[in-house]
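Here the protein sequences line up with chains A and B, keeping their order.
Just so we're aligned, residue 1 is where the first sequence starts under this note's numbering, counting upward by one.
Just so we're aligned, residue 1 is where the second sequence starts under this note's numbering, counting upward by one.
Note that the Cβ used here is the ideal one computed from N, Cα and C, for glycine as well.
Predicted model, so just to flag it, every value in this text is computed and none were measured.
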Amino acid sequence: MSKSRNRLLRAATAALLGLVVSGCAHVQPWERERLAAPEMAPEGPALIADYRRHIAQSKEAARIAGGSSGSGCGCN
Amino acid sequence: MAATKRPASSAAQALRALRGAAAGLGAACTLPGPAAAVEADFAWLRYDEGPVAAADAASGESESRFAIDSQRLRLAGEGARTRWQAGLTLESLSGASPWYAIPDAQDGRPLQVLSGASIREQRTALDVSLEHGRAGERRWQWQAGYSQEDDYRSAGLGLGLAWDSADRLWTHALAVHARDDQLRPTEGGSERYPERVRAADKRVLAVDASSEAVLSRRAVAQLALTLSREQGFLSDPYKLVWVASEANTAPDRRPRERDALALALRARYHLGGGQALHLEWAHSRDDWKLRSHTLSLRLQALAGERGRVAFGLRWYSQSQAAFYAPFFTTRPDSGEQSSDPRLAPFGALAVQLDLQRPLGDWRLGGGVEAYAADADYALREVAVEAPGLTRYWSAYLSLGRRW
Numbered sequence: 001m002s003k004s005r006n007r008l009l010r011a012a013t014a015a016l017l018g019l020v021v022s023g024c025a026h027v028q029p030w031e032r033e034r035l036a037a038p039e040m041a042p043e044g045p046a047l048i049a050d051y052r053r054h055i056a057q058s059k060e061a062a063r064i065a066g067g068s069s070g071s072g073c074g075c076n
Numbered sequence: 001m002a003a004t005k006r007p008a009s010s011a012a013q014a015l016r017a018l019r020g021a022a023a024g025l026g027a028a029c030t031l032p033g034p035a036a037a038v039e040a041d042f043a044w045l046r047y048d049e050g051p052v053a054a055a056d057a058a059s060g061e062s063e064s065r066f067a068i069d070s071q072r073l074r075l076a077g078e079g080a081r082t083r084w085q086a087g088l089t090l091e092s093l094s095g096a097s098p099w100y101a102i103p104d105a106q107d108g109r110p111l112q113v114l115s116g117a118s119i120r121e122q123r124t125a126l127d128v129s130l131e132h133g134r135a136g137e138r139r140w141q142w143q144a145g146y147s148q149e150d151d152y153r154s155a156g157l158g159l160g161l162a163w164d165s166a167d168r169l170w171t172h173a174l175a176v177h178a179r180d181d182q183l184r185p186t187e188g189g190s191e192r193y194p195e196r197v198r199a200a201d202k203r204v205l206a207v208d209a210s211s212e213a214v215l216s217r218r219a220v221a222q223l224a225l226t227l228s229r230e231q232g233f234l235s236d237p238y239k240l241v242w243v244a245s246e247a248n249t250a251p252d253r254r255p256r257e258r259d260a261l262a263l264a265l266r267a268r269y270h271l272g273g274g275q276a277l278h279l280e281w282a283h284s285r286d287d288w289k290l291r292s293h294t295l296s297l298r299l300q301a302l303a304g305e306r307g308r309v310a311f312g313l314r315w316y317s318q319s320q321a322a323f324y325a326p327f328f329t330t331r332p333d334s335g336e337q338s339s340d341p342r343l344a345p346f347g348a349l350a351v352q353l354d355l356q357r358p359l360g361d362w363r364l365g366g367g368v369e370a371y372a373a374d375a376d377y378a379l380r381e382v383a384v385e386a387p388g389l390t391r392y393w394s395a396y397l398s399l400g401r402r403w
């Protein structure tokens, strides 16, 4: 069970890394229409994304890269 | 910069090209929607934890846990070179939380003791941020936040800088955050809880670095790294541990320092037809020996004229802290001990659904999230499952307007 999860994690990470390292074509500004589409916005509504991050950080031990989850105890 | 690849010049194509060019100004940045002078969003949120099962509770009965009602207001605006944002959060918290665990008299399995449904408090939080500079230039960002509860006060400051490469295919960012937290636990040092600390403080310093790149006409990726140091009272003032040799409880006691590293690799890929796939792998590790992995997938799509729908799936797994045990046979020599389920080995699955629909100048939204932590979801085999792992659902309704 845990072996198959390890494999899945490695495969997903490798696929993501593959996507990143294979990229970096020179894309002209007028070719970035799709990148500006609302569905490409990094997260959902800012209010909600921040709220969900705050909950996750108060229930799990992990630290989140590149984003503070705001202040507050989260002691419960 | 050659313009030979510019699309044919129908009005619609020209508009799309202009929009793409505008996106290019911010390198990998995307535009969240039409530019607005001021926008306001308000959300009602409900968070509800599932009960501890009768089989896992020391009382032998199913016991209910924590619930939070929140209201959040966010105001944001932008001028020619400046963007600002202010947020206010009001929360009402009530219920019971994991206190300590005792061994079952029959089979030694840990059973959860809850604090009793006595917790009831309010939290008020305020945060503001200001960003100065146009896309394509250096952009400075200042942040400040303050949060107040009956027994907890937190104040934080942040400073960030973002800049783009000359071809605007890359955006780099650096930021530093500092936070100072003051704890005044309820009944600290009282006759009833003599070992509970009366007052304490902790500080957090974090440095973020990230780079985001345009990979193709459809794909953007970001690598983010955060180094953080926490110092001071990092224990939970309310939680206890059970020491079997003493047939008694002792306070939760953690190291006074914690250095952590968090990494995230994120990619967004436009599938066409108004749909985009967002992927993330995140890893975090610290000197408490905690290791975690997160995989997230989110599909965002246009729904109807200007509506949006998003479906998210998240898997999380963590190892345990070096000083964690569900209960202790004797007091550890190091003096460090915790039975907080959040430091236990476990995995979790979460699903999210969000909908947004514009109504004239207004924007209506709603969404739900269901989350379940379980030893069976962990990356590696878990020998003894913590009895107080969390299951919760949360839901929200939001209303927004642009002027």
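Where the alpha helix (DSSP H) containing residue 47 (chain A) begins and where it ends: 46-59
What residues from chain B crowd round residue 44 (chain A), counting only those whose CB sits closer than 7 angstroms? 310, 354
Where residue 297 (chain B) and residue 46 (chain A) are concerned, what is the direct C-alpha to C-alpha distance, given to the nearest angstrom? 18 angstroms
I need the straight-line Cα distance from residue 140 (chain B) to residue 77 (chain B), nearest angstrom please. 16 angstroms
Measure the alpha-carbon distance for residue 362 (chain B) versus residue 334 (chain B) and round it to whole angstroms. 58 angstroms
Residue burial classification, residue 403 (chain B) (beta-carbon count within 10 angstroms, cutoff 16): exposed
Give the DSSP-derived three-state secondary structure of residue 288 (chain B) in the structure shown. coil
What residues from chain B crowd round residue 11 (chain A), counting only those whose CB sits closer than 8 angstroms? By Cβ distance, chain B contributes nothing, its closest Cβ being about 10 angstroms from residue 11 (chain A), past 8 angstroms.
If you pair each beta-carbon of the stretch 239-246 of chain B with each one of the stretch 266-277 of chain B, do three or more pairs fall below 8 angstroms? no
Below 7 angstroms between beta carbons is the criterion; list the residues of the stretch 50-64 of chain A that meet it against any residue of chain B, in chain order. 51, 52, 55, 59, 60, 61, 62, 63, 64
Roughly how far, in whole angstroms, is the beta-carbon of residue 82 (chain B) from the beta-carbon of residue 70 (chain B), given that I think they are within contact range, below 8 angstroms? Not a contact, Cβ separation roughly 29 angstroms.
First and last residue of the beta strand (DSSP E) that includes residue 311 (chain B)? 307-318
Within 7 angstroms (strictly less), CB to CB, does residue 18 (chain A) reach chain B? no
Pairing CB atoms from the stretch 311-324 of chain B with CB atoms from the stretch 375-387 of chain B, are three or more of them under 8 angstroms? yes
How about residue 261 (chain B) and residue 227 (chain B): are their beta carbons less than 7 angstroms apart? yes
Are at least three pairs of beta-carbons, each pair with one atom in the stretch 127-139 of chain B and one in the stretch 108-118 of chain B, less than 8 angstroms apart? no
Residues that residue 307 (chain B) contacts on chain A, provided the C-beta gap is smaller than 8 angstroms: Within 8 angstroms Cβ-Cβ: nothing; residue 307 (chain B) doesn't reach chain A, min ~10 angstroms.
Cross-chain neighbours of residue 274 (chain B) in chain A, by beta carbon under 7 angstroms: 39
What does the Cβ neighbour count give for residue 407 (chain B), buried or exposed, with the cut at 16 atoms within 10 Å? For chain B, the structure presents residues 1 to 403; residue 407 (chain B) sits outside this window and is missing.
With DSSP as the reference, please indicate the residues paired to residue 230 (chain B) in a beta bridge. B:204, B:258
With DSSP as the reference, identify every bridge partner of residue 266 (chain B), one or two as the case may be. B:222, B:280
Any C-beta of chain A sitting closer than 7 angstroms to the C-beta of residue 199 (chain B)? no
Any beta carbon of chain A sitting closer than 7 angstroms to that of residue 10 (chain B)? With a pLDDT of only 48 at residue 10 (chain B), under 50, the local geometry of the prediction cannot be trusted, and the value read off the model is given with reservation. Taking Cβ atoms only, chain A never reaches closer than 7 angstroms to residue 10 (chain B), which makes this a no.
Under DSSP, the beta strand (DSSP E) around residue 91 (chain B) begins and ends at which residues? 82-95
Just checking my contact of residue 275 (chain B) with residue 312 (chain B) at CB under 8 angstroms: how many whole Å lie between their CB atoms? The Cβ separation is near 14 angstroms, so there is no contact.
Report the three-state DSSP secondary structure of residue 6 (chain B) (helix, strand or coil). Interpretation of residue 6 (chain B) is limited by its pLDDT of 38, a score under 50 that renders its predicted location unreliable; the figure taken from the coordinates is listed afterwards. DSSP places residue 6 (chain B) in coil when its eight states are reduced to three.
With a cut-off of 7 angstroms, does the C-beta of residue 270 (chain B) fall near any C-beta of chain A? yes
Using a Cβ-Cβ cutoff of less than 8 angstroms, which residues in the same chain neighbour residue 347 (chain B) once the five nearest sequence positions on both sides are dropped? 315, 316, 317, 318, 373, 374, 375, 376, 377, 378, 379
For the 8 angstroms Cβ check, are there 3 or more pairs between the stretch 271-290 of chain B and the stretch 241-253 of chain B? no
Does DSSP put residue 302 (chain B) in a helix, in a strand, or in coil? strand
DSSP on residue 341 (chain B), reduced to helix/strand/coil? helix
Can you find the residues in the same chain that come closer than 6 angstroms, C-beta to C-beta, to residue 85 (chain B), ignoring five residues on each side of it along the sequence? 76, 129
Length of the line joining the Cα atoms of residue 112 (chain B) and residue 179 (chain B): 33 angstroms
In this structure, how does DSSP classify residue 329 (chain B) when only helix, strand and coil are distinguished? coil
Note the first and the last residue of the continuous beta strand (DSSP E) segment covering residue 125 (chain B). 119-132
On the DSSP bridge assignment, give the partners of residue 44 (chain B) in chain order. B:71, B:397
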